[in-house]
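Okay, so here's the structure we're looking at.
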Amino acid sequence: ALVLSFPVWNFGYPAILKGFFDRVFLPGVSFKLVDGKVQPSLHNIRKVVAVTTYGGSRFRAMLMGDPPRKLVKRVLRATIKPSGSVSYLAQYSMNLSTDEKRTRFVAKVAARMDAF
438 ALVLSFPVWN FGYPAILKGF FDRVFLPGVS FKLVDGKVQP SLHNIRKVVA VTTYGGSRFR
498 AMLMGDPPRK LVKRVLRATI KPSGSVSYLA QYSMNLSTDE KRTRFVAKVA ARMDAF
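Residue numbering for the sequence shown follows my numbering, starting at 438 and increasing by one per position.
Shown next, in the form of structure tokens:
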């Protein structure tokens, strides 16, 4: 399993997490090129969960294309075991968040991780 927890800054990952992805998503590491076709190599990973927070709203993230969500839901899904599961848990609008909203988000994350 792979569990990622990170804040989204300016609709992107923190630099240290991007550096990790740059080192992992290389031919021969996360995928192989066989006869010009990409074959995933991370079949030992069966589950991925990403827990993240955004300062802006979901609408603003969607306007920008929401690159962090796409990387987790598309790129990671394409490199892990084909029957693996991928979850993306995001708390949007942290700049305007209330204690109640944060408590609900933490409960949602706890429930998902218990099921994990």
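Don't be surprised by glycine CBs; every beta carbon is placed ideally from N, CA and C.
Where residue i falls, given that 16 or more other Cβ within 10 Å makes a residue buried
i	result
residue 517	buried
residue 470	exposed
residue 535	exposed
residue 528	buried
residue 494	exposed
residue 520	exposed
residue 513	buried
Test item: CB-CB of residue i and residue j under 9 Å
i	j	result
residue 526	residue 507	no
residue 477	residue 515	yes
residue 466	residue 549	no
residue 488	residue 530	no
Among the options, nearest to residue i - alpha-carbon criterion
i	options	result
residue 532	438, 445 and 439	445
residue 484	453, 500 and 523	523
residue 480	438, 538 and 548	438
residue 451	468, 490 and 467	490
residue 498	442, 454, 543 and 447	447
Quick check for students: name the residue ranges of the beta strand (DSSP E) that lie wholly in the stretch 444–531, counting only runs of 3 or more.
468–471, 474–477, 484–491 and 522–528
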